[in-house]
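Shown next, in structure tokens, is the structure this report addresses.
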Amino acid sequence: MLVVIVGTDGAGKTSLSKALDQALRNSGISTSRLDRFGILDRAEAPAAAFVHANVDELRQYALDMSAPARLLFYLWSMALTVTSTMAKPDAPQVIIYDSYWIKHVAVEIAYGAKEQQAVSAGHLLPKPDLIIYLKASPTALYERKIGDLVPYECGMDPACERESFISHQTKLVERLDRWAEEQGWHIFDALRPTQELAAEAAALVISRLPARQGEAAE
Numbered sequence: 015m016l017v018v019i020v021g022t023d024g025a026g027k028t029s030l031s032k033a034l035d036q037a038l039r040n041s042g043i044s045t046s047r048l049d050r051f052g053i054l055d056r057a058e059a060p061a062a063a064f065v066h067a068n069v070d071e072l073r074q075y076a077l078d079m080s081a082p083a084r085l086l087f088y089l090w091s092m093a094l095t096v097t098s099t100m101a102k103p104d105a106p107q108v109i110i111y112d113s114y115w116i117k118h119v120a121v122e123i124a125y126g127a128k129e130q131q132a133v134s135a136g137h138l139l140p141k142p143d144l145i146i147y148l149k150a151s152p153t154a155l156y157e158r159k160i161g162d163l164v165p166y167e168c169g170m171d172p173a174c175e176r177e178s179f180i181s182h183q184t185k186l187v188e189r190l191d192r193w194a195e196e197q198g199w200h201i202f203d204a205l206r207p208t209q210e211l212a213a214e215a216a217a218l219v220i221s222r223l224p225a226r227q228g229e230a231a232e
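Last residue of the sequence shown? That's 232 in the numbering used here, and every number before it is there in order.
Here you go:
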């Protein structure tokens, strides 16, 4: 089962991914938690061993790319990590993917990629079984991000001004809101405590597991 946590920057995607991973493990469900930087783990993604960079370097190299090139690079990284995990003989019952292609397609459309082409490229990756959308206003999330902002989250504004963050993130919210309505995503209030969100998300995941797996988790 592929579970995806999406949301704008500062929504708590990584925190919820970690908490959900632990909650499912506590219920006896095997899991794997992934993100686009998993290509740097040679044990998990040996086909990407030619990439010699750390996370900070990789982020910077990606910033130097055009929006279409950066999107394709990230899509490749996500396709590699998710398919490698799915192909394992002992593949986990649940894969939790932080952001996945959905959030990054939304970002790169805001930076100039063509929506139809970008979305079509994203659909080449395995389809999620469940999408949880962490939603909150960019104004509220800015307060979380103070002191931890990067230009990529702020419309490429090197000064990372408040207005730049809110303007850029508002574009993402508008697109994610539209997709959520069209596709029936599960919308969670990103400002709720992480453990509450994790408990709700875990119950949702368990309810959707095949009966045999769900019974094993009881």
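Quick reminder that beta carbons are idealized off the backbone N, C-alpha and C, glycines included.
{"query": "Selected residue, minimal CA-CA separation from F64, among L54, P165 and M100", "result": "L54"}
{"query": "Buried versus exposed call for T97 [16 or more other C-beta atoms within 10 Å across all chains shown]", "result": "exposed"}
{"query": "For R50 and T95, the rounded distance between their alpha carbons", "result": "7 Å"}
{"query": "D35 - DSSP class collapsed to helix/strand/coil", "result": "helix"}
{"query": "F202 - partner residues in DSSP beta bridges", "result": "L148"}
{"query": "Between the CA atoms of D171 and S239 - distance to the nearest angstrom", "result": "This structure cannot speak to residue 239, because the chain is shown only from 15 to 232."}
{"query": "Three-state secondary structure assigned by DSSP to Y125", "result": "coil"}
{"query": "Backbone secondary structure at L48 - three-state DSSP", "result": "strand"}
{"query": "Coil, strand or helix - V235 by DSSP", "result": "Residue 235 lies beyond the residue range present for the chain, which begins at 15 and ends at 232; the question has no answer from this structure."}
{"query": "Classification of S113 by the beta-carbon crowding that lies within 10 angstroms, buried from 16 upward", "result": "buried"}
{"query": "DSSP bridge partner residues for L16 (one or two, in chain order)", "result": "I109"}
{"query": "Assigned secondary structure, G24 (DSSP; H/G/I helix, E/B strand, else coil)", "result": "coil"}
{"query": "Residue span of the alpha helix (DSSP H) that contains P82, given as start and end", "result": "A81 to M100"}
{"query": "Between the CA atoms of A213 and N40 - distance to the nearest angstrom", "result": "11 Å"}
{"query": "Given 8 Å, three or more beta-carbon pairs between the stretch 66-79 and the stretch 146-156", "result": "no"}
{"query": "When S80, L138 and Y88 are compared against V69, the one with the closest alpha-carbon", "result": "Y88"}
{"query": "Rounded straight-line distance, which links the Cα of W193 to that of T28", "result": "21 Å"}
{"query": "Which of helix, strand or coil DSSP assigns to E58", "result": "coil"}
{"query": "From Y125, G136, W199 and F202, residue whose alpha carbon lies closest to that of L186", "result": "Y125"}
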